[in-house]
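Note sheet for the following structure.
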DNA sequence: CTGTTAGCGCATTCAC
DNA sequence: GTGAATGCGCTAACAG
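Residue numbers (full-length UniProt numbering), protein chains in the order written: chain A, 1 to 344; chain B, 1 to 344.
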């Protein structure tokens, strides 16, 4: 039993003032059933003695910790950090804190993290599933255990049993490609990530649909699905893609900002002029899209807002009288294209 | 009193097996003082019944939460995220989790966050002080309350009462500027941030000392201390700095990667060739220093390692028999220059 | 090896 | 208005 020094507790205050613990507790709790003069005395002595309530004891007694658990696939992705900022921003005004952990893009780790949160440490959970996550039962279990879960990004059909927030990836990609087409582009390349990941699949769908809609034949040589997980390898893949002689795109739609920047880097090195010879659109609008020369036109994803929204959904569930028959909510946020120098 | 559904507890298992709660607890706890057959029965039933230990109850009883509180000045700075990754990496192997909160560069908020952690939620605290933080008493208080605190980055003298991890900012800046000088540069510009911030002050000292050492006169027109707090305003400041006609530097040392990238952006727009006309060195080596065209030479700061180290110091304190007369440790990590295209 | 008992610090019901 | 008693779920002495 490790004890934090000689912490002051309610009992100490009670003894000093010849009051009961209950009264001291009530006095500190804004409970009206206590004389004004007593309250003042209690508050005064509490301050003098340097009293700090024990959050753990409070939690055990009250059944709530005022902590929200957040599970993201990785830390080093500005998108997730922005979402976390949004979450933090919202919940902090409701007296909650967030406990962030990373699943490191591993399903097993996601399950582990959930289990750890289920041990009563958090009142609710916000989760962004990994691309390995194909099933929903681990999440369902937590919800059944009485802990609300709200999801964002990368949601698959099976998960529609929980509230979630996402953007319309297909539509967003469609509009970016449509933008190119309307500018007269014919050879539009697509650069995405691992095909198993829902968001990349959807964006690819949007790409295909745009081409279809405008009767532009799809060319497999203009399509790249990066499989690597770090930027260095991405760079290599993208490099060799554009170095292939068969490829002569006049526009590139990339599924992340990083892909967009790496694409521009590669193209510049190859002597292309952007946007004169070729245009590029990225996806996300975080990080340094606006710093690069030329700056990168992007599909802007409302990350911060997504965090706020997902937090709002969770807090709402937490303050509902009882989660009986909670009506599942799906929120789709809008994206928009931010025009910069990489497009005409 | 909000209750999590009908959670299985030790008592339920005990009842079902006609055992005492204590025995069940011991069986689940790897305690050797329990018959093998009993242990197996208990573990089996616990699994069958879907038992999840209540972390809060455990914490109250044991006096430790296995949570480390982390306070950083802001989320949207890759440096801090990297440090957090390092912390997480280290503590997760020691069965700890991290609770991150941001002081939003405000001293008051830092104090608040500390107080909140002092309420018994965390076993130890890792803190990176804001640049507003000029005093140490709020930290001292927490330490006196028996909660170990380890600091990193932006440490001032007064704080030497706590373990901390930092880099030698002055030396790092000195070596970068020395690098320029040895390449024959004479007009070396300095771009830093708010002068109140310790790290910027130290880097400026290093800059001055390098010039001094090599008998190069310092030119006030070549020095910029950015006062803004966001990238957009930084951009404006840097822009107007280089647009001033008096300025003709042949090299620029910047105190962050972002300043470095913004500087290159500005210079490229002005028609400079990098590194032919002018060289640039950034500081940090995070984010997209290697993606930019040209890629940015940097003083590399070992952020992830810093996180690991600071976590190690904290965990060590937590596992010491008693914090009696703990010998304060100061760890200085090495930096190195990563050569890229922005320098000859 | 197992059971009994007594906390951990606070909130809350029920008396007075 | 205030106090005494009970419980939150689990750990850890102390017995046996």
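In this text, a Cβ means the ideal position worked out from N, Cα and C, and glycines have one as well.
Residue i classed as buried or exposed, judged by whether at least 16 other C-beta atoms fall within 10 angstroms
| i | result |
| --- | --- |
| residue 93(A) | exposed |
| residue 29(B) | exposed |
| residue 148(A) | buried |
| residue 287(B) | buried |
| residue 184(A) | exposed |
| residue 280(A) | buried |
| residue 121(A) | buried |
| residue 3(B) | In this prediction, residue 3(B) has a pLDDT of 47, which is less than 50 and means its spatial position is unreliable; what the coordinates show is noted afterwards. By the 10 Å Cβ count, residue 3(B) comes out exposed. |
| residue 240(B) | exposed |
| residue 1(A) | Because the pLDDT at residue 1(A) is just 44, under 50, the model does not fix this residue reliably, and the value given afterwards should be weighed accordingly. With fewer than 16 Cβ atoms within 10 Å of its Cβ, residue 1(A) is classed as exposed. |
| residue 339(B) | exposed |
| residue 308(A) | buried |
| residue 32(B) | exposed |
| residue 320(A) | exposed |
| residue 161(B) | exposed |
| residue 245(A) | exposed |
| residue 78(B) | buried |
| residue 59(B) | buried |
| residue 282(A) | buried |
| residue 344(B) | exposed |
| residue 65(B) | buried |
| residue 48(A) | exposed |
Partners in chain B for residue i, counting only beta-carbon separations shorter than 7 Å
| i | result |
| --- | --- |
| residue 75(A) | 81, 84 and 85 |
| residue 288(A) | 261, 287 and 288 |
| residue 291(A) | 261, 262 and 265 |
| residue 101(A) | 97 |
| residue 127(A) | Neighbours of residue 127(A) on chain B: none; closest Cβ ~16 Å, over 7 Å. |
| residue 60(A) | 56, 57 and 60 |
| residue 268(A) | 293 |
C-alpha distance - residue i paired with residue j, whole-angstrom precision
| i | j | result |
| --- | --- | --- |
| residue 205(A) | residue 220(A) | 14 Å |
| residue 98(B) | residue 107(B) | 21 Å |
| residue 291(A) | residue 278(B) | 19 Å |
| residue 20(A) | residue 142(B) | 28 Å |
| residue 25(B) | residue 254(B) | 58 Å |
| residue 227(B) | residue 285(B) | 22 Å |
| residue 217(B) | residue 203(B) | 18 Å |
| residue 182(A) | residue 210(A) | 11 Å |
| residue 136(B) | residue 158(B) | 6 Å |
| residue 8(B) | residue 333(B) | 48 Å |
| residue 124(B) | residue 100(B) | 12 Å |
| residue 46(A) | residue 166(A) | 47 Å |
| residue 259(A) | residue 163(B) | 41 Å |
| residue 215(A) | residue 250(A) | 17 Å |
| residue 271(B) | residue 265(B) | 10 Å |
| residue 57(A) | residue 43(A) | 20 Å |
| residue 243(B) | residue 230(B) | 20 Å |
| residue 189(B) | residue 330(A) | 53 Å |
| residue 267(B) | residue 54(B) | 59 Å |
| residue 23(A) | residue 37(A) | 12 Å |
Within chain B, partners of residue i - CB distance below 8 Å
| i | result |
| --- | --- |
| residue 340(A) | Result: empty, since nearest Cβ-Cβ is about 12 Å, beyond 8 Å. |
| residue 274(A) | None at all; the shortest Cβ gap to chain B is about 10 Å. |
| residue 285(A) | By Cβ distance, chain B contributes nothing, its closest Cβ being about 13 Å from residue 285(A), past 8 Å. |
| residue 65(A) | 56 |
Contact list for residue i against chain A, beta-carbon separation under 7 Å
| i | result |
| --- | --- |
| residue 55(B) | 119, 120 and 121 |
Rounded distance between the beta-carbons of residue j and residue i, thought under 8 Å
| i | j | result |
| --- | --- | --- |
| residue 127(A) | residue 71(A) | 5 Å |
| residue 296(A) | residue 261(A) | 6 Å |
| residue 175(A) | residue 275(A) | With a Cβ gap of about 18 Å, residue 175(A) and residue 275(A) do not count as contacting. |
| residue 152(A) | residue 310(A) | 5 Å |
| residue 238(B) | residue 191(B) | 7 Å |
| residue 116(A) | residue 73(A) | Between residue 73(A) and residue 116(A) the Cβ distance is about 16 Å, and since that is not below 8 Å, they are no contact. |
| residue 110(B) | residue 133(B) | 6 Å |
Within chain B, the residues that residue i reaches when beta carbons sit closer than 9 Å
| i | result |
| --- | --- |
| residue 52(A) | 115, 118, 119, 120 and 145 |
Beta-carbon neighbours of residue i, restricted to chain A and to distances below 8 Å
| i | result |
| --- | --- |
| residue 314(B) | Neighbours of residue 314(B) on chain A: none; closest Cβ ~15 Å, over 8 Å. |
Residue i: contacting residues in chain A (beta-carbon distance under 9 Å)
| i | result |
| --- | --- |
| residue 88(B) | 75, 100, 101 and 102 |
Quick one: which unbroken alpha helix (DSSP H) runs of 4-plus residues sit fully inside the stretch 78-125 of chain B? Chain order, please. Counting whole runs of 4 or more residues, the stretch 78-125 of chain B contains the alpha helix (DSSP H) stretches 78-92 and 107-118.
Counting only runs of 3+ residues fully inside the stretch 264-342 of chain B, write out the beta strand (DSSP E) ranges in chain order. As far as the stretch 264-342 of chain B is concerned, its whole beta strand (DSSP E) runs of at least 3 residues are 279-284, 297-300, 330-333 and 336-338.
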